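In what follows, a single structure is set out as structure tokens and then discussed.
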Ligand code: SF4
Ligand code: SF4
């Protein structure tokens, strides 16, 4: 799987799950790109955040990641 | 007249200790007066509202902060922690109250000029309230609004040569003791190593990389001034391989009362004459010190480098000359499973630039933890769940006696099937014919 295919696979999986779940742990992404090492998946995911496809959510202690603009949003906090 | 009545908080000020409530009131008053004519970028009465929301939390016995958020600065997945108040109408000053973590300088060396600048920046663009320092070590800037985040980040990185620290599932800001800069006990240059690894692992520090948080801490000697052994997933503690250097003449001077023990640290009270037997030899945890006439003897092969004797007689006893560090792993605070201290993984390793040997251990541990660790599972919990032996396999380190706390207790080395003659399925009855129980 090359980088673009990996990114596509990630977006597809997240879109499929979007109804029930909008935020995922980094580890959940490993399964979406099974033939890559965790470290490579981490790099792809972080790159996708940089590109604006994904976004981080942080409690301070843990970080979760989801499609940008899904789930509880900036709008709900009067952030827009 | 205060904006909110805070009788419960006021009561906290009555104790003997300095009070954060008084501090907040002082900052609230200073912002209200604004003698320096600052153009505050977030509500001027933010500190009044902190006091208000806190009072309400005390009254209700539960928090009025919401959990987490998506805010951050571009390109970073850490260093900013979103906080929102769940009563924004009542306390508009703290409706958005995000925390920023700033990577503290190694050894926490500051110039007063720097501290003034950071305080000025934070009064201008934030609440003015800081926490020096958070338990990871960062400078914590408490409370600002979303539009200020990029502005503050730009100012810190472009004009003050500062960076944000780690948060979330990142490598957390590495922390070290003042070490070789001021301390004669330093067995390696903690600041050099802390700085090098901070630079090397920038990506892990600024973007989530792991199942959960991961902390590095560097102590120059086993006195552990940054408490690495209790508070970091990987702790680097200075030690030495050869012998404690003894100056017998100076030992005599301690015994004769010419030099105050512990460098005079306990001189606030009269403890009587110094008794080397009672205060040093009998307190040596390994019992490896004794007097041979008026000569102090240390059986160095039994010494665990606890530092006690050196701390008591620093002029007479000095750390050895063949120095390096020990690596301990798996310490953590008590969220799950209780608190855990670090377990010894590497008893001794030389500390030499570019620290490749140390980085090899770090990266092997990360690969294992990223692969095997569950979501929100700290390294120490993974070691407990899968066993220390798995960690040894992952890091390619051979089991050695130093890995065992005491014999025949809680063994962690188990046989594997291919190491046992006949494997798991061999006919036990046939074996028992020749070998009675
Ligand atoms: S940990 Fe040891 S070397 Fe570091 S400052 Fe403390 S006493 Fe000195
Ligand atoms: S450092 Fe600790 S263990 Fe070693 S000789 Fe001194 S008191 Fe004993």
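Chains as they are written, first to last, in this note's numbering: chain V, 66 to 145; chain R, 32 to 468. Quick reminder that beta carbons are idealized off the backbone N, C-alpha and C, glycines included. Computed from a prediction, not measured in an experiment: that's the story for all the values here.
Proximity to residue i [Cα-Cα], best of the options
| i | options | result |
| --- | --- | --- |
| residue 116 of chain V | R:85, R:99, R:106, R:102 | R:106 |
| residue 112 of chain R | R:298, R:128, R:121 | R:128 |
| residue 425 of chain R | R:438, R:376, R:284 | R:376 |
| residue 41 of chain R | R:53, R:161, R:321, R:117 | R:53 |
| residue 158 of chain R | R:346, R:415, R:72, R:120 | R:72 |
| residue 149 of chain R | R:109, R:403, R:209, R:190 | R:190 |
| residue 364 of chain R | R:260, R:356, R:386 | R:260 |
| residue 403 of chain R | V:131, V:93, V:114, V:118 | V:93 |
| residue 275 of chain R | R:258, R:332, R:283, R:286 | R:332 |
| residue 225 of chain R | R:283, R:215, R:210 | R:210 |
| residue 301 of chain R | R:311, R:288, R:214 | R:288 |
| residue 57 of chain R | R:455, R:160, R:35, R:256 | R:160 |
| residue 231 of chain R | R:409, R:385, R:122 | R:385 |
| residue 428 of chain R | R:411, R:393, R:458, R:460 | R:393 |
| residue 169 of chain R | R:257, R:220, R:182, R:318 | R:257 |
| residue 366 of chain R | R:409, R:336, R:420 | R:409 |
Alpha-carbon spacing of residue i relative to residue j, whole angstroms
| i | j | result |
| --- | --- | --- |
| residue 247 of chain R | residue 97 of chain R | 29 Å |
| residue 466 of chain R | residue 306 of chain R | 59 Å |
| residue 95 of chain R | residue 174 of chain R | 14 Å |
| residue 33 of chain R | residue 105 of chain V | 54 Å |
| residue 415 of chain R | residue 322 of chain R | 42 Å |
| residue 430 of chain R | residue 109 of chain V | 36 Å |
| residue 91 of chain R | residue 84 of chain R | 10 Å |
| residue 132 of chain R | residue 203 of chain R | 10 Å |
| residue 89 of chain R | residue 39 of chain R | 7 Å |
| residue 156 of chain R | residue 131 of chain V | 29 Å |
| residue 193 of chain R | residue 110 of chain R | 12 Å |
| residue 360 of chain R | residue 450 of chain R | 28 Å |
| residue 55 of chain R | residue 81 of chain R | 8 Å |
| residue 453 of chain R | residue 468 of chain R | 18 Å |
| residue 455 of chain R | residue 417 of chain R | 20 Å |
| residue 179 of chain R | residue 120 of chain V | 19 Å |
| residue 135 of chain V | residue 100 of chain R | 13 Å |
| residue 145 of chain V | residue 119 of chain R | In this prediction, residue 145 of chain V scores a pLDDT of 48, lower than 50, which makes its location untrustworthy; no coordinate-derived value is stated. |
| residue 446 of chain R | residue 433 of chain R | 19 Å |
| residue 68 of chain V | residue 95 of chain V | 14 Å |
| residue 327 of chain R | residue 228 of chain R | 40 Å |
| residue 80 of chain V | residue 77 of chain R | 40 Å |
| residue 76 of chain V | residue 391 of chain R | 34 Å |
| residue 75 of chain R | residue 184 of chain R | 21 Å |
| residue 315 of chain R | residue 265 of chain R | 27 Å |
Residue i, DSSP secondary structure in three states
| i | result |
| --- | --- |
| residue 265 of chain R | strand |
| residue 86 of chain V | coil |
| residue 126 of chain R | coil |
| residue 371 of chain R | strand |
| residue 247 of chain R | strand |
| residue 316 of chain R | coil |
| residue 270 of chain R | strand |
| residue 460 of chain R | helix |
| residue 123 of chain V | strand |
| residue 131 of chain R | strand |
| residue 400 of chain R | helix |
| residue 205 of chain R | coil |
| residue 161 of chain R | strand |
| residue 96 of chain R | strand |
| residue 224 of chain R | helix |
| residue 365 of chain R | coil |
| residue 355 of chain R | strand |
| residue 76 of chain V | helix |
| residue 407 of chain R | coil |
Distance between beta carbons of residue j and residue i, contact taken as under 8 Å
| i | j | result |
| --- | --- | --- |
| residue 269 of chain R | residue 223 of chain R | No, residue 269 of chain R and residue 223 of chain R are not in contact; Cβ-Cβ is about 12 Å, not under 8 Å. |
| residue 362 of chain R | residue 262 of chain R | 6 Å |
| residue 252 of chain R | residue 372 of chain R | About 17 Å separates the two Cβ atoms, so there is no contact after all. |
| residue 400 of chain R | residue 242 of chain R | 7 Å |
| residue 382 of chain R | residue 351 of chain R | Wrong, their Cβ atoms sit about 14 Å apart, outside the cutoff. |
| residue 205 of chain R | residue 249 of chain R | 7 Å |
query: Are three or more beta carbon pairs between the region 198-213 of chain R and the region 124-131 of chain V nearer than 8 Å?
result: Contact holds: three or more Cβ-Cβ distances are below 8 Å.
field: Touch test, the region 100-116 of chain R against the region 136-145 of chain R, Cβ-Cβ under 8 Å, three pairs minimum
entry: With a cut-off of 8 Å on Cβ pairs, the region 100-116 of chain R is not in contact with the region 136-145 of chain R, counting fewer than three such pairs.
Contact the region 339-352 of chain R vs the region 285-304 of chain R: 3+ CB pairs below 8 Å: With a cut-off of 8 Å, the region 285-304 of chain R and the region 339-352 of chain R count as touching, because enough Cβ pairs lie within range.
- request: Report the residues of the region 234-265 of chain R with a CB closer than 8 Å to any CB of chain C, ordered along the chain.
  value: Given the protein chain composition of this structure (V and R), no chain C is represented.
query: Any contact of the region 44-62 of chain R with the region 232-245 of chain R, i.e. 3+ C-beta pairs under 8 Å?
result: Touching, no.
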